[in-house]
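Novice: To convert, note that position 338 of the sequence shown is 1248 in my numbering; the numbers rise steadily by one, no gaps. Mind looking over this structure? Questions follow.
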Amino acid sequence: MGAENRHTGVLTIGNPTVDLPTKLSNLNVSTLPSGKKTSFSTYAGVLGRLFADFADPTGDLGLETTGQATAAGNVTNVTAAINKLSPKSSYNRPIIKIGTGDGHEATIRAHPALTDAIVTEHKGPNSVSIVVTAKEDPDRDIISFKSEIPGGFEYDGDEPQAIYLTSGGTNWRQTYPDVTSYAKKHKDVLLAVSPGSQEMKDKGPELYETITHATVLFANKEEALSLIGEDPETSTLPIDEILIKTKKLGPQVISITDGANGSYTIDDQNIYHLGVLTPTVLPELSHTIVNTLGAGDAYAAAFFQALIENLGIEEAMRWGTLNAAFVIRTEDANSGQLIRAQMIDYAKRIQNDFRPTISNHQALQTRLDADAILNGFNRR
């Protein structure tokens, strides 16, 4: 079916990166000092070695490339997932910026998710990430080389069903307000916001203004804590209170992922919690977990596609969890993503055995509001 016979589905907006996969074959992460086990690529001078020559890293730590450079990043992962899940009648378009100054332009354009992208070229380099995995450890560390990529958002095509806004790079402060202005003018367009690392580092009024107008905000637990002014390292705030305080930022729906604890969602009435999907519920998940690369993007893309189709929060969480569960059992961020037929089949098979717990949050909201008033009086 040609694009001319389809409606515009989802515009995904962000900046792709180029990923170079590497492995520390001679360094067992279990031997690292406490506190270093989740950031091992900064240990023993590896970071300096990578900065010296990321294209051909060598040395006594056994750092070696494990594959070809590929286009990656949130916008690439999310676009790939939505393309696989959306109906054939939907024509999805990523809106991206590509640098022509470093030789990676062809790599980005060649990615199947980006071949129909609306592209703005700039003369600088693209952002590059070195993805490092260590021996006997499924997690990975990412060292990013961020380029100065122009900001802003321009689009004059047919009105889409939805927009998914993610990493805008160093100049996201120009992109986010432009997307917010578009959303204000096109009120029927669903807006998903999934801030990237630069947005979370900078924060600021541009981010919060965009979040206010979001249909759904995607974040992990640490990001949600940061957004409400809590220290992710020291906060003991219960997840229900995190959800309610984040909801006060304005989005209609908030989806928070929390690793082995599963995922949480809050809307105007309820809080939902869905655990991790296991082979006991779905035998096709009997394969070993390989790494977590792309799991958050897979979850968010599937969740959002279910919302676009008006399938409800419960089914959206099921779709998200299914997609993430298969992605973490593959080597990369895209090959494990489910296609539409698989998603519909799996979701139907597990719907009776894999359902979120649901609780009304109005009583907790009332108590928190009362506590806030009381604390205000006590400070006078």
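All residues carry an ideal CB built from backbone N, CA and C; glycine is no exception. No experiment lies behind these values; they were computed from the predicted model shown.
For the beta strand (DSSP E) containing I1028, list its first residue and its last residue.
Specialist: The residue labelled residue 1028 in the question sits at position 118 within the sequence shown. Element bounds for I1028: 1028-1032.
Novice: Within 10 angstroms of its Cβ, does T1142 collect 16 or more other Cβ (buried), or is it exposed?
Specialist: To locate residue 1142, count along the sequence shown from 1; it is residue 232. A quick correction: the sequence has Pro, not Thr, at residue 1142. Burial check for P1142: the Cβ neighbour count within 10 Å stays below 16, so the residue is exposed.
Novice: Start and end of the beta strand (DSSP E) containing Y1001?
Specialist: Translated into positions along the sequence shown, residue 1001 becomes position 91. Annotation for Y1001: the continuous beta strand (DSSP E) segment containing it runs 1000-1009.
Novice: If you follow the beta strand (DSSP E) that G919 is in, where does it begin and where does it stop?
Specialist: Numbered from its first residue, the sequence shown carries residue 919 at position 9. 917-923 is the extent of the beta strand (DSSP E) around G919.
Novice: If you compare alpha carbons, which of G1013, Y1065, D1068, I923 is closest to T1006?
Specialist: As a position in the sequence shown, residue 1006 is number 96, starting the count at 1. According to the sequence shown, residue 1006 is Ile rather than Thr. Out of G1013, Y1065, D1068, I923, I923 has the C-alpha closest to the C-alpha of I1006.
Novice: Near S1136, which residues of its chain fall below 8 Å by C-beta distance, leaving aside the five closest residues on each side in sequence?
Specialist: In the sequence shown, counting from the first residue as 1, residue 1136 sits at position 226. Answer for S1136: M1110, K1113, P1142, listed in chain order.
Novice: Measuring straight from C-alpha to C-alpha, what distance separates M1227 and P997?
Specialist: Numbered from its first residue, the sequence shown carries residue 1227 at position 317. Numbered from its first residue, the sequence shown carries residue 997 at position 87. Straight-line Cα distance between these residues: approximately 19 Å.
Novice: Determine the DSSP secondary structure at T927, reduced to helix, strand or coil.
Specialist: In the sequence shown, counting from the first residue as 1, residue 927 sits at position 17. Here T927 sits in strand by DSSP.
Novice: Check for me: the alpha helix (DSSP H) holding S1091 runs from which residue to which?
Specialist: Translated into the one-based positions of the sequence shown, residue 1091 becomes position 181. From DSSP, the alpha helix (DSSP H) with S1091 extends over 1082-1095.
Novice: Can you have a look at Q1272 and say buried or exposed, based on whether 16 or more other CB atoms are within 10 angstroms of its CB?
Specialist: In the sequence shown, the residue the question calls residue 1272 occupies position 362. By the neighbour-count rule (16 or more Cβ atoms within 10 Å), Q1272 is not buried but exposed.
Novice: Measure the C-alpha to C-alpha separation of G958 and T1076 and round it to an integer number of angstroms.
Specialist: Translated into the one-based positions of the sequence shown, residue 958 becomes position 48. Translated into the one-based positions of the sequence shown, residue 1076 becomes position 166. Per-residue confidence for G958 stands at a pLDDT of 42, beneath the threshold of 50, marking its modelled position as unreliable; no derived number is given.
Novice: As an exercise, report each continuous beta strand (DSSP E) stretch of at least 3 residues that is fully enclosed by the segment 1163-1216, in chain order.
Specialist: 1163-1167, 1173-1176, 1180-1184
Novice: Can you grab the Cα-Cα spacing for the pair V987 / A1243, in whole Å?
Specialist: The residue labelled residue 987 in the question sits at position 77 within the sequence shown. The residue labelled residue 1243 in the question sits at position 333 within the sequence shown. Just to set this straight, residue 987 is Asn in the shown sequence, not Val. Whole-angstrom Cα-Cα distance: 7 Å.
Novice: Identify the residues that DSSP records as bridge partners of F1128: which are they?
Specialist: Within the sequence shown, numbered from 1, the residue matching residue 1128 stands at position 218. The partner list for F1128 (beta bridge, DSSP) reads S1165.
Novice: Just mark K1131 as buried or exposed, buried being the case when its beta carbon has 16 or more other beta carbons within 10 Å.
Specialist: Residue numbering aside, residue 1131 sits at position 221 when the sequence shown is read from its first letter. Buried, because 16 or more other Cβ atoms sit within 10 Å of the Cβ of K1131.
Novice: Would DSSP call A1102 helix, strand or coil?
Specialist: Residue numbering aside, residue 1102 sits at position 192 when the sequence shown is read from its first letter. In this structure, DSSP gives A1102 an extended state, which the three-state scheme calls strand.
Novice: Checking 8 Å against the spacing of the C-beta atoms, do T1017 and T980 come in under that value?
Specialist: The count along the sequence shown starts at 1 and reaches residue 1017 at position 107. The count along the sequence shown starts at 1 and reaches residue 980 at position 70. Against a cut-off of 8 Å, the Cβ pair of T980 and T1017 comes out as a contact.
Novice: If I measure Cβ to Cβ from A1102 and keep anything under 6 Å in the same chain, skipping five residues before and after, which residues do I get?
Specialist: Numbered from 1 along the sequence shown, position 192 holds the residue referred to as residue 1102. Only Y1074, V1126, F1214 meet the Cβ criterion.
Novice: When you compare each of N1201, Q1247, Y1182 to A1208 by their alpha carbons, which one comes out closest?
Specialist: Here residue 1208 corresponds to residue number 298 of the sequence shown, with the count starting at 1. Comparing Cα-Cα distances from A1208 to each of N1201, Q1247, Y1182, the minimum goes to Q1247.
Novice: Pull up the DSSP beta-bridge partners for Y1074, would you.
Specialist: Position 164 of the sequence shown, counting from 1, holds the residue named residue 1074. Beta-bridge pairing links Y1074 to T922, A1102.
Novice: Look up T980 in the DSSP assignment and give the residues it is bridged to.
Specialist: Counting from one through the sequence shown, the residue named residue 980 turns up at place 70. T980 is bridged to D929.
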